[in-house]
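Scroll down for the structure; my scribbles are underneath it.
There are 2 protein chains.
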Amino acid sequence: MAPSRNRKIPKEPAEGDFTLFLWGPEKFARRESILKAFTTNPIFSKTSVILPSLARKDAWTRAAHQARELIRLKLQHNWSHTQFMEAIRLTDNMLPVQPQFRIFLSNLERQMTDEQKAIWVPKAERFEIFGSYAQTELGHGSNVRGIETTATFDRQRDEFVIESPTLSSTKYWIGTTGVWATHSIVVAMLIIAGKDHGNHLFLTQIRELETQRLMPGVEIYELGPKAFQGMLGTDNGAMRFHGVRIPREQMLMRNARVERDGTYVAPKNEKHSYGSMVTVRAIMAESTGWDLLKPVAVVYYYTSYRKQFRKNKEQEEETTVLDYASVQHRLIPLLAQATALVLVGQRIKKAYDAYTANYIKTGDFSQLEDFHLQTVGAKVYSTEIAGHGVETCRIMCGGHGYHALSGFGRMYANAINAVTYEGDNYVVGQQVPRAILKHWQNGTEAELPTLSYLSRLRETEREAPRIESLKDWFKPEVQRWALEERLVNLVQQHIEDTSAGRDTSYACHALTMAHGDFVYWKGFYELLQDLQQSSKPFLEPVASLFNVFALSVLQVPHHATLAAALPLSQAQHKTLRLAKSAAVEELAEKHLSDVIAAYGFTEYELDSALARSDKEPYGALFEEGAVRSEMSGDGMAHLWPMMVDTRQMWRRSREERGGKARL
Amino acid sequence: MAPSRNRKIPKEPAEGDFTLFLWGPEKFARRESILKAFTTNPIFSKTSVILPSLARKDAWTRAAHQARELIRLKLQHNWSHTQFMEAIRLTDNMLPVQPQFRIFLSNLERQMTDEQKAIWVPKAERFEIFGSYAQTELGHGSNVRGIETTATFDRQRDEFVIESPTLSSTKYWIGTTGVWATHSIVVAMLIIAGKDHGNHLFLTQIRELETQRLMPGVEIYELGPKAFQGMLGTDNGAMRFHGVRIPREQMLMRNARVERDGTYVAPKNEKHSYGSMVTVRAIMAESTGWDLLKPVAVVYYYTSYRKQFRKNKEQEEETTVLDYASVQHRLIPLLAQATALVLVGQRIKKAYDAYTANYIKTGDFSQLEDFHLQTVGAKVYSTEIAGHGVETCRIMCGGHGYHALSGFGRMYANAINAVTYEGDNYVVGQQVPRAILKHWQNGTEAELPTLSYLSRLRETEREAPRIESLKDWFKPEVQRWALEERLVNLVQQHIEDTSAGRDTSYACHALTMAHGDFVYWKGFYELLQDLQQSSKPFLEPVASLFNVFALSVLQVPHHATLAAALPLSQAQHKTLRLAKSAAVEELAEKHLSDVIAAYGFTEYELDSALARSDKEPYGALFEEGAVRSEMSGDGMAHLWPMMVDTRQMWRRSREERGGKARL
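Line by line, the protein sequences give chains X and U. For the first sequence, position 425 matches number 635 in my numbering, and the numbering has no gaps at all. For the second sequence, position 137 matches number 347 in my numbering, and the numbering has no gaps at all.
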């Protein structure tokens, strides 16, 4: 039976209960108003210019003009910071204004005293200053403790002197700092009277407001091109400080303080220091799923158009590519996993926002450790799935997926870097096993909701449910057992490795992914149970997505070594394989087109020649890709004489050699 | 114990027995002479221009000039076709001359009559004509039978009329056809007196030799940008034919023939038709391993320079990144697998060349089926490992791997497309299971050396060796048993699925990879045995590479579903994991630096700011990436006034709103 299908690519956002359930009402409303503003504004057009063909500086110039227009729109419509950040994401172009709220203002708010905020927050909110956040150094990424930049207190002049003592201390990869930013929050080692007090944040002006010229002692270079033509809209910077002076009042002093006489007042709690990373990771937890859903939708539309070969010799027409298992078994698990990332990610983000709001009011950070663990786990898990998933989508589309205008290249370039930024996944991912180990050894797992499952480890006799048919795999208790069993075995292995003094930095990535599988399964299951209370019409498709998620992460795990950690008989492996196939086929046949329609990405959001509302993919590829190419027609005519002449070279070289011969 | 290390990045190719063993003496000699020619010739400089920052047409212009210079060098030094093709690869820029020998001339030679060859081969060899090969259509990729372009015989005028009847019949992705080529071998359906005789090849002139203008009836567009800024040096084309006429003599008639009166003489053997794909895949089998070795070498050099965190709190300095298991267990298996691809790939290519030479002489194509199977298997297996392996290398380098000048982006863009071109791996990969099934059912596996292992399937009682300690996993008979066992179980599963009428197009990709694991293991093992006869000094490192290859493909399989196909006890899984770790650590500690040194890639070949012979990585990133960026300094000064003005917008919009309020 062929999947149900609805190939219409929407111009306008979709409507309906299911849509609101997936998007969340607020996010959906924000998106609608952004789309309205964008699709009528030529500067945000995604088809009038072919960015990948431009010189990099011309592509960035466009991004800078988009940034200006976006600021105008925010001031005009009074958009919230969230709305503004989501508008940036909709440009698919990571504008230079991206860090303004995502990391610049959020740090001012969390780390400045009320007096400081009164001065700086309004300036940042109304873009009177352009902000960036300067932590990473050429020689120091994930290891913040290694940072070499210093901020030395000059008591005489009541100033800090910022200094870059070495090449490796050069601030590097600093977003929006190469050309755009006027102020940067610099992470530097605080030194008072020769004593090192560790890293603190210093608001440093780096460019003159009136001229955009560099401030004295500030040395900045734009970073140059990225892999995959990625982040065309971002002017990352390399920045060095040579005796740059800022007033004492520009150290962010909400937690730690330096007084007029140089007295250092330490923060009540060190954990504050990783607050800003937690914030960004919470944003990522919410957003990465969407990065994967768009290519999934493009593949759906394209593969339900493309035909290739015949499944059985008899049939007249070639088979629609979407009907092949080779596409369904790659595409549909990604749809289910992306949905899990979105639904569970939204919950993490909401809970964290509530926590921060309360924390800023009351200073209560008791939950910070759990949120740190939740967000770091979500960051690693979601970026691995989204990043590699986008590329799987491109590859599913065969050769045409390699055309820049299919859009996958852009999507991948802007998604995969998340596995190494905000902490390399193999490095920050170790924080999950570390926490597991600590709480397991102290028997304190109950304190952290995220780790409560560890208590199962203490059950000496874990009883396995009976798994005899493929139906059994659709039972939540069976799925839970399998995910926990795999996890528990990996935790045991991790404990063994650690006590044996083995380097676990490789093996524990699999553990972090298995932890994510369980955490997201649990969150998804809770959502499903809530939904079952309210007999919504879209309960069935969501349940179907849930089963595909659970069975796909079990049968095709995100790290190849995970399979060995789940001891099943050959018969059970077989039923699992067939159960996953059944789940995938059910979703494909009954719900796929409804789910895609419910997400209802507009052609503007998809920005792919394979998904235009008014053109079929082949027509779009031909017209937009080929006919419009700047190298078509006589675009390269200036080189024609060279080519003609090159075809004559053999004659000349023969004569030359002939000539030599005669000598 | 820290790995032995030699961080010197060679300017010149390395020397020595081990080097010659890895490269093969001929290839090594060719490479030396090419490097000599290139490194002294400014047009081939990889550092004088930052390609990823240029507009696409400017990047291609450079490639076109390199192509011209390469032709001059070939004519001057009388380079062989192989040498010429390897020179193109060394530019890392897929020049427009790439198809000339790889697929244009090779088809003339295999498919033209001797009379035809006498006319056309010399023209092609001396570049009097620029050739391309036009098979793929907008609507028809892997399914060649679906091709719609027609070549109708006009008996009156003794000509063929080439026609593109539909949009989907547009020849698409045709290399070097957008701007460069003058002649194209067009795959089209032969029609004589209304009768369709299937696909044949037609040499068609597409541009005037004297002007580079399009021939009458030929419509061509350049295809536009690729994903990841890939293939900057290639002008792929979209091509349509409107009643284009060519003389009957320009059908390639070695196998099938059309006589003056329109009589069609069918080929003795249909298999000829896929000859050209087999040729290209044989070239790929030999070359893909090298695509992976270069990023592996870059990671080695960079991670033995970069330091991050401390393994144990005591140590003074931060730990060298290469010393972490998280790097070693990703990097070293790739080194071993790439080595297997190179060594076994060379054997496949050599054997195929011998076969073709003999076939052109004697017309004996009896081995074609086996070579078809070998090359299609090698193409799928090697491109999956190389493509994804390159990206694993980039990700291992953290944030700096995302800088375009680290070179990984270029390497990935130019390697990963191989999983979809020359046949999508999920599609052409099915030919392996299909052949397995056919010969299994006919009991004819003995006829095909590649499938001889199938006979084991017929043994009702396969005895498992005793596997009790990690040492057992280093026994070749244990490795062979495990690889065969996994393979045999997958073949059984495939047979079940097929007879149950299931769509196997997804599942059988894992089978094709398991087939590749075994074939490459077997080939590598035979090489090792030969080596053991001659007690070479580099026997130890090669044996070490062999064990890492075998144990890594078993413990971290190339398709996550493979693990379940090898039934091991938990204890055996554990010993396998520890055995693989031991193998990786042994290679890291004893042989890694010797192997890297033996490959001895020069800084020109690596072309990465992370691997310069005269600069440390941080210095290179800072100077070449940042200081040289065209957006540094006042490169974007024309936008400064806009930015200054943007920071004033809040005032104006406040006044406006104030104004409105007053109305």
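For glycine and all other residues, C-beta sits at the position ideal for the given N, C-alpha and C. Just so it is clear, the structure is predicted and the values come from calculations on it, not from any experiment.
Chain X within 9 Å of residue i, Cβ atoms only
| i | result |
| --- | --- |
| residue 390 (chain U) | yes |
| residue 853 (chain U) | yes |
| residue 439 (chain U) | yes |
| residue 337 (chain U) | yes |
| residue 270 (chain U) | yes |
| residue 713 (chain U) | yes |
| residue 620 (chain U) | yes |
| residue 605 (chain U) | yes |
| residue 538 (chain U) | yes |
Residue range of the beta strand (DSSP E) that includes residue i
| i | result |
| --- | --- |
| residue 801 (chain U) | Looking at the DSSP string, residue 801 (chain U) is not in any beta strand (DSSP E), and its letter there is neither H nor E. |
| residue 406 (chain U) | 405 to 415 |
| residue 373 (chain U) | 369 to 373 |
| residue 219 (chain U) | That residue, residue 219 (chain U), is in no beta strand (DSSP E); it is neither H nor E in DSSP. |
| residue 364 (chain X) | 360 to 364 |
| residue 827 (chain U) | Run containing residue 827 (chain U): none in the beta strand (DSSP E); it sits in the alpha helix (DSSP H), 827 to 830. |
| residue 431 (chain X) | 428 to 432 |
DSSP three-state assignment for residue i, whether helix, strand or coil
| i | result |
| --- | --- |
| residue 684 (chain U) | helix |
| residue 337 (chain X) | coil |
| residue 398 (chain X) | strand |
| residue 344 (chain U) | strand |
| residue 447 (chain U) | strand |
| residue 769 (chain X) | coil |
| residue 381 (chain U) | strand |
| residue 503 (chain U) | helix |
| residue 461 (chain X) | strand |
| residue 424 (chain U) | strand |
| residue 436 (chain U) | strand |
is_contact[residue i, chain U] using C-beta, thresh 9 Å
| i | result |
| --- | --- |
| residue 419 (chain X) | yes |
| residue 275 (chain X) | yes |
| residue 399 (chain X) | no |
| residue 221 (chain X) | no |
| residue 432 (chain X) | yes |
| residue 331 (chain X) | no |
| residue 843 (chain X) | yes |
| residue 608 (chain X) | yes |
| residue 675 (chain X) | no |
Boundaries of the alpha helix (DSSP H) in which residue i is found, first to last residue
| i | result |
| --- | --- |
| residue 736 (chain X) | 717 to 743 |
| residue 454 (chain U) | It is not in any alpha helix (DSSP H) - residue 454 (chain U) instead sits in the beta strand (DSSP E) that spans 454 to 457. |
| residue 349 (chain U) | Per DSSP, residue 349 (chain U) belongs to no alpha helix (DSSP H) and is neither H nor E. |
| residue 606 (chain U) | 578 to 606 |
| residue 898 (chain X) | One cannot answer for residue 898 (chain X) here, as it falls past the ends of chain X, which runs 211 to 873. |
Which residues DSSP lists as bridging residue i, in chain order
| i | result |
| --- | --- |
| residue 287 (chain X) | Partner(s): none; residue 287 (chain X) has no beta bridge. |
| residue 468 (chain U) | U:474 |
| residue 530 (chain U) | U:517 |
| residue 560 (chain U) | None, per the DSSP bridge assignment. |
| residue 523 (chain X) | According to DSSP, which records beta bridges pairwise, residue 523 (chain X) is partnered with nothing at all. |
| residue 393 (chain X) | X:341, X:415 |
Proximal residues, the stretch 288 to 321 of chain U versus chain X, C-beta separation under 8 Å: If you check each beta-carbon in the stretch 288 to 321 of chain U against every beta-carbon of chain X, none falls closer than 8 Å.
query: If you measure beta-carbon to beta-carbon, which residues of the stretch 345 to 369 of chain U are closer than 9 Å to chain X?
result: The residues in question are 346, 348, 349, 350, 351, 352, 353, 355, 356.
task: Check each residue of the stretch 761 to 779 of chain X: if its Cβ is closer than 7 Å to any Cβ of chain U, include it; give the result in chain order.
output: Legend: CB atoms of the stretch 761 to 779 of chain X lying less than 7 Å from CB atoms of chain U belong to residues 765, 766, 767, 770, 771, 773, 774, 777.
Chain-ordered residues of the stretch 680 to 700 of chain U with a beta carbon less than 9 Å from chain X: The stretch 680 to 700 of chain U vs chain X, Cβ under 9 Å: 699.
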